[in-house]
Amino acid sequence: MTNTGYVLDDTVLHAYAHGSLTTTSLIVHLTERDVRIAIPALALSASKARLNEDQRESLDGVIDNNGLIELAGLTTLADTNELADILAATDHLDIAAAQMISVARHFDWEIITHDRGRWRQIEEALPWPIDLVELSNEGP
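Using my numbering, you'd call the opening residue of the sequence shown number 251 and step up by one each time.
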């Protein structure tokens with residue numbers, strides 16, 4: 251695993267939007283060390299669906315104002331094929347999780363999560379392991 255970057259999952263985005271000091275410290279720590287961060291667009295959208303306008307703006311602000319944080323989307327046919335393969339393997343359990351996995355596999359990065367349990371069902375369905383780093387369970 252080449253840790254030149256990490257993918258943040260929806261639990262991390264949700265915690266950041268709710269003012270988690272652990273999550274904020276993580277983002278500061280990574281960016282101070284020039285570590286790139288990818289935020290899959292579907293994970294961001296899933297997180298925003300549970301947030302108020304101020305919390306959404308907070309997430310947008312950290313993404314817009316930090317050159318090392320990048321919104322990751324589906325930009326090539328290969329990206330759509332990778333996502334389709336993951337969705338097929340997981341029987342369409344969770345499209346946001348499928349995109350997070352696709353982005354992580356594309357960059358060969360680990361996914362940072364606040365809740366490894368969030369991934370249990372997806373891990374069981376996939377024929378390959380998911381590289382996860384679990385942040386403390388602190389947070390809302």
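A virtual CB, placed ideally from N, CA and C, is assigned to each residue, including glycine. Values in this document were obtained by computation on a predicted structure and should not be read as measured data.
Asked: Residue range of the alpha helix (DSSP H) that includes Gly391; Found: Since the displayed the chain opens at 251 and closes at 390, residue 391 lies outside it and no answer follows.
Asked: Buried versus exposed, by CB contacts within 10 Å (16 or more), Thr254; Found: exposed
Asked: Beta-carbon contacts of Pro377 that lie in its chain and below 7 Å, excluding the five residues immediately before and after; Found: Ala339
Asked: Cβ neighbour criterion (16 or more within 10 Å) applied to Pro290; Found: buried
Asked: Sheet register partners of Leu337 (DSSP bridge); Found: In the DSSP output, where bridge partners are listed per residue, Leu337 has none listed.
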